[in-house]
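Residue numbers (the UniProt record's numbering): 1 to 165. Glycine included, every Cβ here is placed at the ideal spot set by N, Cα and C. First up is the structure itself, then whatever we jot down about it.
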Amino acid sequence: MRTLPILWRMAEDLRRLAMPSSPFFEYPWTTSYRWAPFAHMNRMLEEDMSRFNKDGYQVSINVSEFKPEELSVKVVENSVIVEGKSEQHQDTEGGYISRHFVRRFTLPKGYESDKAMSTLTSDGILTVSVPKPQIEEKAREIPIQRTETASIKSGEDAKSSENKK
């Protein structure tokens with residue numbers, strides 16, 4: 001089983017020697033330019049990632065292409081829905097442009113959607129945050145009751161009880 005990756009690489013080397021180097025002969029997984037759109041999507045997702053921090057659950061989205069009045073943040077059950085819709089406007093080539101996006105984030109268990117807050121920075125970063133739920137302590141203090149009788153017998157009492165047996 002350990003030699004399988006080595007054999008796989010050897011087979012790839014032999015394939016490259018047998019076929020001319022041309023985009024028509026390359027496999028889709030060997031060329032990097034075919035992965036470019038996926039890398040771009042991955043970068044965008046990393047920028048708009050949701051994360052947990054010490055204050056709670058937080059989602060940051062770059063909405064710099066939208067005006068503040070074109071954005072809305074709604075809470076539906078255990079989800080936060082961020083929506084942006086720009087009105088149609090004419091571009092320089094005589095066409096019309098409109099943008100629309102909807103992002104839905106399901107909150108983790110225990111987080112209350114009623115406490116969600118959103119802020120928009122001047123550079124167009126919308127941050128939706130939900131505070132960390134309060135953890136109820138399940139431990140309680142039990143008072144200690146004192147009794148006057150001893151549970152461990154002293155040495156003399158123990159010897160006298162053994163002699164009686």
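Just so you know, the alpha carbons of S113 and R104 end up roughly 13 Å apart.
Taking a C-beta distance under 9 Å as the contact criterion, G84 and H100 qualify as a contact pair. Per DSSP, the unbroken beta strand (DSSP E) holding Y57 starts and ends at G56 to N62. Rounded to whole angstroms, I6 and R51 show a C-alpha spacing of 39 Å. The beta-carbon distance between V128 and V82, rounded to whole angstroms, is 6 Å. This is short enough to meet the 8 Å contact definition. Between L120 and S79, the gap from beta carbon to beta carbon reaches 9 Å or more. Residue burial annotation: I61 is buried, with at least 16 other C-beta atoms found within 10 angstroms of its C-beta. In the DSSP assignment, F66 falls outside any beta strand (DSSP E), carrying neither H nor E. In the DSSP annotation of this structure, the continuous segment of the beta strand (DSSP E) that includes S79 starts and ends at S79 to K85.
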